[in-house]
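Mapping of the sequence shown onto our numbering: residues -6 to 377, in sequence order.
Cβ coordinates follow ideal geometry from the N, Cα and C atoms, glycine included.
Please read these numbers as outputs of a predicted model, since none were measured by experiment.
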Amino acid sequence: MRTSEVFHLLRDGRARTRSELARTAGVARSSVAAHIEALTRLGYVAPVGDAASTGGRPASLFALNPRARLVAGVDVGATHVIVELADLGGAPIATARTDLDVAEGPEVVLGWVVEAVRRLVDTEGRDLHDVVALGIGLPGPVEHATGRPISPPIMPGWHRFDVAGWLREQLGCPVLVDNDVNIMALGEQRTAWPEVDDFVLVKVATGIGAGLISGGLLQRGAQGTAGDLGHVRVPGSTAPCRCGNEGCLEAVAAGPAIAAALRAQGLDVAGTGDVVALARRGSPEAARALRQAGRDLGEVLATLVNLVNPSVIVVGGRLAGAGEDLLAGISEVVYRRSLPLATEHLRIAASTTQADAAVRGAVALAIEHAVSPAVLDAETRSLD
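Below is the structure:
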């Protein structure tokens, strides 16, 4: 048995005695005692009192100490950056946010992140060495193996920039990098649907993408591009797309495409924000356009449902806040075009975490690394 296994038995927050842990793990009490001692020396576990006596000396209870270490989660959006400091249980401790255009470049944006992390840690009276991992989501394609953005369309100067290496040099902790949709999916699932292991989040805004969780694990694919729904062709569409192809989902159902369709009807709509505002004012034209965008999304999502069979599809992103029409259009087609068995228990819902999904997912990514068996067992060996 490894120390990390004992740690993970205590992650549910319930205090246990050494004997209880030994029975659960199916090992000798002496083995558990050695691992508890190591975790206590590292600060991850602490005694929290005594169990009820059964006639002799009461046994000591041990529980996880989530504030033994800190993690940081970072959400870099097109025009904003959010940094959150959290404990190992995922509880937020402190947050900083600013309006900052990602087009300012990596040194400017990541420089603000570094200063924000240092400031939050200092304000909490902690040491920077207490931050054991940082997760960060970026609004563009990320090569998973290296954590580098690859030709991100709205991020000039970021192509192949070593985000993880640059931040690690400044902050001294491991850095995990992913695209914003994967991070959002992780945050939404961990926060609002923790009991669901097969889950899809679809972000509908200026672009369209999906984060896929299967068997409880985030699925990135070979290069990290899994879930790029925006460039799947919609049957019958010939609309030109910015990627150079035609008929892409993004070209007919993303915010700019809906805005263009409304302008063609004579409405004063500049972009995604105006579409949302118009829908909230009860515009019938906006309602029809959003319903049709939902149907187009449904055509692609019906294929996804048949392929990966999720239990839940959550729709997030800016257009998810425009009302029920987008969701209704998606449901109309998905339930009609997917296999009956695949949709028998399928739920399609709007995001409940919205603006917090990405930073919550970044925190979850950092925690998964910080408490992974490889990291915990290596730290235990350092005690010898």
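**Whole-number beta carbon distance between Val193 and Leu179, since they are thought to touch under 8 angstroms** = Leu179 to Val193, Cβ: 12 angstroms. No contact.
**Message:** On the CB-based measure, 16 or more other CB atoms within 10 Å of its CB, does Glu162 come out buried or exposed?
**Reply:** exposed
**Asked** Do you know offhand how far Ala247's Cα is from Gly266's?
**Response** 12 angstroms
**Bridge partners - Cys241, DSSP secondary structure assignment** = Arg226
**Item:** Cβ pair Gly130, Ala355 closer than 8 angstroms
**Value:** yes
**Request:** Indicate whether Ala126 and Leu78 have their beta-carbon atoms separated by less than 8 angstroms.
**Result:** no
**Of the residues Arg11, Leu222 and Glu13, the one placed nearest Glu395, counting alpha carbons only** = In this structure the chain extends from -6 to 377, so residue 395 is not present and cannot be described.
**Prompt:** How is the beta strand (DSSP E) around Pro40 delimited, first residue to last?
**Reply:** Val38 to Asp43
**Limits of the unbroken beta strand (DSSP E) element including Ala79** = His73 to Asp80
**Message:** Given this structure, state the Cα-to-Cα distance separating Val225 from His137, to the nearest angstrom.
**Reply:** 21 angstroms
**Request:** May I have the straight-line CA-CA distance separating Ala52 from Ser12, to the nearest angstrom?
**Result:** 8 angstroms
**Request:** Mind checking which residues open and close the beta strand (DSSP E) that includes Val189?
**Result:** Here Val189 belongs to no beta strand (DSSP E), and DSSP marks it neither H nor E.
**Asked** Contact between the region 20 to 28 and the region 83 to 100: three or more CB pairs below 8 angstroms?
**Response** no
**Request:** State buried or exposed for Gly70, treating a residue as buried only when at least 16 other CB atoms are found within 10 Å of its CB.
**Result:** buried
**Prompt:** Ile323 and Leu294 look like a contact to me (Cβ under 8 angstroms); what is the Cβ gap, rounded to whole Å?
**Reply:** 6 angstroms
**Item:** Beta-carbon proximity list for Asp94, same chain, < 8 angstroms, skipping 5 on both sides
**Value:** Ala71 and Thr72
**Message:** Considering just the uninterrupted stretch of the alpha helix (DSSP H) at Ala272, what are its terminal residues?
**Reply:** Thr265 to Arg273
**Message:** If you measure between the beta carbons of Pro142 and Val135, is that distance less than 8 angstroms?
**Reply:** yes
**Prompt:** Per DSSP, Pro233 is paired with what?
**Reply:** Glu239
**alpha helix (DSSP H) runs wholly inside the region 296 to 352, at least 4 long, in chain order** = 318 to 330 and 333 to 336
**Request:** Could you check how far apart the C-beta atoms of Arg183 and Arg353 are, in whole angstroms? I think they sit under 8 angstroms.
**Result:** 7 angstroms
**Request:** Would you kindly report the start and end of the unbroken alpha helix (DSSP H) that includes Leu103?
**Result:** Pro99 to Thr116
**Pro40 burial status per 10 Å Cβ neighbour count (16 or more: buried)** = exposed
**Request:** Using beta-carbon positions only, say whether Ala106 and Val64 come within less than 8 angstroms of one another.
**Result:** In the sequence as presented, Ala is not what sits at residue 106; that position holds Val. No, the pair does not count as a contact, with Cβ atoms beyond the cut-off.
**Asked** Comparing alpha-carbon positions, which option in Ser375, Val195 and Pro99 lies nearest Gly158?
**Response** Pro99
**Prompt:** In angstroms, rounded to a whole number, what distance separates the CA positions of Ala84 and Ala350?
**Reply:** 14 angstroms
**Request:** Could you pull the start and end residues of the beta strand (DSSP E) that Thr10 belongs to?
**Result:** Segment: none, Thr10 is in no beta strand (DSSP E) and carries neither H nor E.
**Message:** Please state the DSSP three-state secondary structure of Gly158.
**Reply:** helix
**Contact the region 255 to 269 vs the region 228 to 239: 3+ CB pairs below 8 angstroms** = no
**Helix, strand or coil at Asp120 according to DSSP, with G and I counted as helix** = coil
**Request:** Answer with buried or exposed for Asp120, where buried requires no fewer than 16 other C-beta atoms within 10 angstroms of its C-beta.
**Result:** exposed
**Ala198 versus Ala215: straight-line alpha-carbon distance, rounded** = 25 angstroms
**Prompt:** Count the other CB atoms within 10 Å of the CB of Ser375; is the residue buried (16 or more) or exposed (fewer)?
**Reply:** exposed
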